[in-house]
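Sequence lines, in order, name chains Y and C.
Taking the working numbering, the leading residue of the first sequence gets 709, the next gets one more, and so forth.
Taking the working numbering, the leading residue of the second sequence gets 709, the next gets one more, and so forth.
Please read the structure below before turning to the comments.
There are 2 protein chains.
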Amino acid sequence: MDIPISKVAERLNLEEDVLKNAIERRVITLCKYRDKRYLVFKKKVRHVERGTVLFLNERMDVVMGYPKIRRALVLDPTVKKYFIDQVVVEEKLNGYNVRVVNIDNEILGITRGGRICPFTTKKVLKLLNTDILKDHPKITLCGEMIGLNNPYVPHYYPEVDREIYRDESTVIRENLGLYIFDIREGDRSLPVEERNKLLEEYNVPYVKPLGVFNKEEIEEIKSTVVKLDRENREGIVMKDPSMLVDPIKYTTHYTHCQDLAVAFRYTFDLGIHFMFSRLIREGFQSYEFNEGEKEMERRALSIGKSIIYPMVESIKEVARGELITEDFELYFDSEEDVEEFLRYLKEVHISYVVKEREVLKNRIFRVIIGKVYPSTRDKIKSYLGGSLW
Amino acid sequence: MDIPISKVAERLNLEEDVLKNAIERRVITLCKYRDKRYLVFKKKVRHVERGTVLFLNERMDVVMGYPKIRRALVLDPTVKKYFIDQVVVEEKLNGYNVRVVNIDNEILGITRGGRICPFTTKKVLKLLNTDILKDHPKITLCGEMIGLNNPYVPHYYPEVDREIYRDESTVIRENLGLYIFDIREGDRSLPVEERNKLLEEYNVPYVKPLGVFNKEEIEEIKSTVVKLDRENREGIVMKDPSMLVDPIKYTTHYTHCQDLAVAFRYTFDLGIHFMFSRLIREGFQSYEFNEGEKEMERRALSIGKSIIYPMVESIKEVARGELITEDFELYFDSEEDVEEFLRYLKEVHISYVVKEREVLKNRIFRVIIGKVYPSTRDKIKSYLGGSLW
């Protein structure tokens, strides 16, 4: 169906000129997923968040972009100042943000950037009881897709290890899970308890609540962070129980170092702002945790290792003539699903190589995709070849 | 005297429009030092380097900007590829770049940025035999001003410790020296031996030559770097003996870590590109020096410490309500000299506080100036106060 631009402008409460201009600058792009055509906001346009999707269907369904969660660099006094009274502390999972919606009776998985990802969409159907979206078609389930076997943020979580096939001789496991952390309707979030009640009703997995604290109980919140750090987990998101203020986040030393390691493995591809911000977080954390000489030295060593080891590893790989790739091991149900996903990667301009591809028993397709980081390889190669800085 | 813009354009071989435009954009500014008026190029304009100075005197004397020295990230194969045959290795000193010139029979010290610095100018007269510039008024002596007691890059060098006053009860030492590393005439450098001969004739101190190598002798060059690193020194500059190709530089682990420490002490003032580049250098150096587990771990620890210790120190200082300053202890010969220099700092938009000021015996004026880093303090203060990132 063809929808005039004036209708779209009206639906989003944007002026037609602003909309047209954004389309011309390719800030808004037209995408397609099977028979669905939709507009994606690649950047914020006026009040419309980055990642917002508008479906070109009869109702012109809009899925709002998921708002950025801001960060406390120190828990004290930030938490005391920011919250009203109580603070719900939930675990922040290290995966990728997914919005699950029901559009014209079809369940779709939308990435942070606003694309309907075929991999995600298919996995959602297996990981969630989607009846919740049939009964409540207007809500958006916002969650984190985690585990080793996803194509964006591969990070092992023991709790999402699932057997997807077994016979006498083989067990195939997929490490993948989806935990809902927010239910939104328009730009409003359900209060935490209401959210939990609804999700429990449908037996939908949601993020681990770590406790509800009075906003003055900073030491208790700090303890949960220390515990998560020891367990190699990412951090916390703190919420007002009624969701009257936006959530804020705080992350662990472990995750800062993990991020640094990724940043320095792909030295010239990941932005330097990415690494700078992690180092700043470490500085404030070391200060707030009131570290002595020994603890600081331990922190310094792990920061230094996270920087130098992966960088030297990448230089060595390039010196050996290898590609610099980040590898993702993925499981698909059919050859067509594999192909559809590879087409999708091209569409979103991710360069990749297929490193392994095999059909397992029970017609499960196992693929290892290597995401290529071209600048890192080219620059390292050039410097190793004698180029001057 | 008033010089028409067309004359200036002609003198520099620039089109009048280009010159006018650069003046309007304040890329070229008019400055004054006592009775001398001069134009400074704050950025490169066409072929005219940043830091170039044009005096508005009769001859319209031009002092070309000192060109950026490019860097090898690995010595092998860069040195082999870059040089013609022989390589003169000189020590790279960690101070600030000074061009010393004779303009209308006055000796002036010009900074990298192209300003006549009153502190530098006066010290030059004490540290150099300026007869060389009287006999050869067209040359530019390019050197590094080093030592603890300078207002830009305070770094202790034992060899420039000088007694500037002594009586029965007191010894006052100034740690300051100037080493010439290049003699230029227009945009041409004297060949290394000619340079040394001329400087020796006038007994002018010049940078330590560390050896002359065949360009294939990379291991020997590496050894000099290792030795300098152990002595906590900055690095090397490699030159073609005839100066037919531009010099290139290579620096030590020690200096990378020192730089990181400075960058993270003034976290939000020094650019993130500054720190990123130091980390990259460390990666390539660790790779080229073929480090084993132990050496890499040692490197990692010192990198981590250089990042986290000074950052936490700054956070603590801000938490205590202190200013974040970099302190310079300077010696002057008169009250007027102090005042002139403080006026100069204001002119070049350096914010500072005078922390100590005393008249020593023999009318030597000792001043401690604290250069203020405003963003670091403001941002840290704001985050400590609960602002979100």
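The beta carbon of each residue, even a glycine, is placed where N, CA and C say it ideally should be.
Since we're looking at a predicted model, the values are computed, not measured.
Nearest chain Y C-beta to F972/C closer than 9 Å, yes or no? Locating residue 972/C in the second sequence gives position 264, counting from the first residue. When Cβ-Cβ separations below 9 Å define contact, F972/C makes contact with chain Y.
Would Y1017/C count as contacting chain Y if we go by Cβ distances under 9 Å? Counting from 1 along the second sequence, the entry for residue 1017/C is found at position 309. It does: the Cβ of Y1017/C has a partner Cβ on chain Y nearer than 9 Å.
Look at the Cβ atom of G851/C, then the Cβ atom of D895/C, and state whether they are nearer than 9 Å. By 1-based counting over the second sequence, the position of residue 851/C is 143. By 1-based counting over the second sequence, the position of residue 895/C is 187. No, these two residues do not count as a Cβ contact at 9 Å.
Would V785/C pass as an interface residue toward chain Y - the criterion being a Cβ-Cβ separation below 9 Å? Your numbering for residue 785/C matches position 77 in the second sequence. As written in the sequence, residue 785/C is Pro, which differs from the Val given in the question. By this cut-off, P785/C is an interface position.
Short Cβ contact (9 Å threshold) for E677/Y with K1002/C: Outside the displayed span of chain Y (709 to 1097) sits residue 677/Y, for which this structure offers no information.
Which same chain residues, not among the five before or five after R745/C, have their C-beta less than 6 Å away from its C-beta? Position 37 of the second sequence holds residue 745/C. Excluding sequence neighbours, R745/C sits near L764.
Within 7 Å of chain Y by C-beta, residues of the region 749–780 of chain C in sequence order: R778, R779 and A780
Using a Cβ-Cβ cut-off of less than 8 Å, list which residues of the region 962–987 of chain Y approach chain C; keep chain order. Within the region 962–987 of chain Y, contact with chain C at the beta-carbon level (separation under 8 Å) is assigned to F972, T975, I980, H981, M983, F984, S985 and L987.
Please report the straight-line C-alpha distance between D812/Y and L906/Y, rounded to a whole angstrom. For this step, residue 812/Y is matched to residue 104 along the first sequence. For this step, residue 906/Y is matched to residue 198 along the first sequence. When only Cα atoms are considered, D812/Y and L906/Y end up about 22 Å apart.
Here's a check: name, in chain order, each residue in its chain whose Cβ is nearer than 7 Å to the Cβ of V726/Y, leaving out the five neighbours to either side. Translated into positions along the first sequence, residue 726/Y becomes position 18. Once the five neighbours on either side are set aside, the close Cβ partners of V726/Y are V753 and R754.
Quick one: using the 10 Å Cβ neighbour count with 16 as the cut-off for buried, is S994/Y buried or exposed? For this step, residue 994/Y is matched to residue 286 along the first sequence. Under the 10 Å beta carbon count, S994/Y is surrounded by 16 or more other beta carbons and is classified as buried.
Quick one: is R1007/C near chain Y, going by C-beta distance under 9 Å? The count along the second sequence starts at 1 and reaches residue 1007/C at position 299. Closer than 9 Å to some Cβ of chain Y, the Cβ of R1007/C qualifies, so yes.
Hey, out of E798/C, I824/C and N802/C, whose CA is closest to V808/C's CA? For the purposes of this step, residue 808/C is taken as the residue at position 100 of the second sequence. Residue I824/C is the option with its Cα nearest to V808/C.
From which residue to which residue does the alpha helix (DSSP H) around G991/C run? Along the second sequence, read from residue 1 onward, the residue named residue 991/C stands at position 283. I980 to E996 is the span of the alpha helix (DSSP H), which, as asked, contains G991/C.
Beta-carbon separation (whole angstroms), T1084/Y vs F984/Y, contact threshold 8 Å: If you number the first sequence from 1, residue 1084/Y lands on position 376. If you number the first sequence from 1, residue 984/Y lands on position 276. Not a contact, Cβ separation roughly 18 Å.
What does a CB cutoff of less than 7 Å around Y860/C pick up in its chain, not counting 5 residues either side in sequence? Counting from 1 along the second sequence, the entry for residue 860/C is found at position 152. Here the set comprises Y804.
When the Cα atoms are used, what is the spatial distance from Y958/C to L898/C? Within the second sequence, the letter at position 250 stands for residue 958/C. Within the second sequence, the letter at position 190 stands for residue 898/C. If I take the Cα positions, the gap works out to 22 Å.
Got a sec: which bits of the region 861–879 of chain Y sit with their beta carbon under 7 Å from any beta carbon on chain C, in order along the chain? none
Neighbourhood of T760/Y by C-beta, 6 Å cutoff - its chain only, sequence neighbours within 5 removed: As a first step, residue 760/Y is located in the first sequence; it is residue number 52 there, counting from the start. Result list for T760/Y: F749, M772 and G773, in chain order.
If you follow the beta strand (DSSP E) that K665/Y is part of, which residue opens it and which one closes it? Summary: the structure shown does not reach residue 665/Y, with chain Y confined to residues 709 through 1097, and so no result is reported for it.
Count the other CB atoms, across all protein chains shown, that sit within 10 Å of the CB of K800/Y; report buried if there are 16 or more and exposed otherwise. Reading the first sequence from its first residue, position 92 is the one you call residue 800/Y. With 16 or more other Cβ atoms within 10 Å, it is buried.
With a Cβ-Cβ cutoff of 9 Å, do A717/Y and G1094/C count as a contact? Here residue 717/Y corresponds to residue number 9 of the first sequence, with the count starting at 1. Here residue 1094/C corresponds to residue number 386 of the second sequence, with the count starting at 1. Cβ distance not < 9 Å, so A717/Y and G1094/C don't count as in contact.
Is the CB-CB distance between V735/Y and K751/Y below 9 Å? Taking the first residue of the first sequence as 1, we reach residue 735/Y at position 27. Taking the first residue of the first sequence as 1, we reach residue 751/Y at position 43. Yes.
Ignoring anything shorter than 3 residues or poking outside the region 988–1052 of chain Y, list the beta strand (DSSP E) runs there in chain order. 1033–1040
Check whether K947/Y and V795/Y have beta carbons under 9 Å apart: In the first sequence, residue 947/Y corresponds to position 239, counting from 1. In the first sequence, residue 795/Y corresponds to position 87, counting from 1. Their beta carbons are under 9 Å apart, which means K947/Y touches V795/Y by this criterion.
Going by the DSSP bridge assignment, what does T848/C pair with across the sheet? Position 140 of the second sequence, counted from the first residue, corresponds to residue 848/C. T848/C is bridged to R892/C.
So the candidates are V756/Y, L836/Y and I872/Y; which of them puts its Cα closest to the Cα of R1071/Y? Translated into positions along the first sequence, residue 1071/Y becomes position 363. When each option's Cα is compared against that of R1071/Y, the closest is I872/Y.
Contacting residues, own chain, Cβ-Cβ under 6 Å from H964/C (five flanking each side not counted): Against the second sequence, residue 964/C aligns to sequence position 256. Result list for H964/C: R986, R989 and E990, in chain order.
Going by the DSSP bridge assignment, what does C666/C pair with across the sheet? Given a span of 709 to 1097 for chain C in the structure shown, any question on residue 666/C remains unanswerable.
Endpoints, the beta strand (DSSP E) within which T1084/Y is located: Taking the first residue of the first sequence as 1, we reach residue 1084/Y at position 376. For T1084/Y, no beta strand (DSSP E) encloses it; the enclosing alpha helix (DSSP H) starts and ends at P1082 to L1092.
Note the first and the last residue of the continuous alpha helix (DSSP H) segment covering V787/Y. Counted from its first residue, the first sequence places residue 787/Y at position 79. Note, V787/Y: alpha helix (DSSP H), T786 to Y790.
C-beta contact flag for E798/C and V934/C at 9 Å: One-based indexing of the second sequence puts residue 798/C at position 90. One-based indexing of the second sequence puts residue 934/C at position 226. No.
Select from E723/C, E1066/C, I711/C and Y962/C the residue whose C-alpha is nearest the C-alpha of L738/C. Numbered from 1 along the second sequence, position 30 holds the residue referred to as residue 738/C. For the residues E723/C, E1066/C, I711/C and Y962/C, the minimum Cα distance to L738/C belongs to I711/C.
Where E882/C falls, given that 16 or more other Cβ within 10 Å makes a residue buried: As a position in the second sequence, residue 882/C is number 174, starting the count at 1. Counting Cβ neighbours within 10 Å, E882/C comes out buried, since at least 16 surround it.
When K1054/Y, D869/Y and N857/Y are compared against R1074/Y, the one with the closest alpha-carbon: Along the first sequence, one-based indexing puts residue 1074/Y at 366. If you compare the alpha carbons of K1054/Y, D869/Y and N857/Y with that of R1074/Y, the shortest gap goes to N857/Y.
Could you tell me whether the Cβ atoms of L762/C and V770/C are closer together than 9 Å? Along the second sequence, one-based indexing puts residue 762/C at 54. Along the second sequence, one-based indexing puts residue 770/C at 62. Yes, these two residues count as a Cβ contact at 9 Å.
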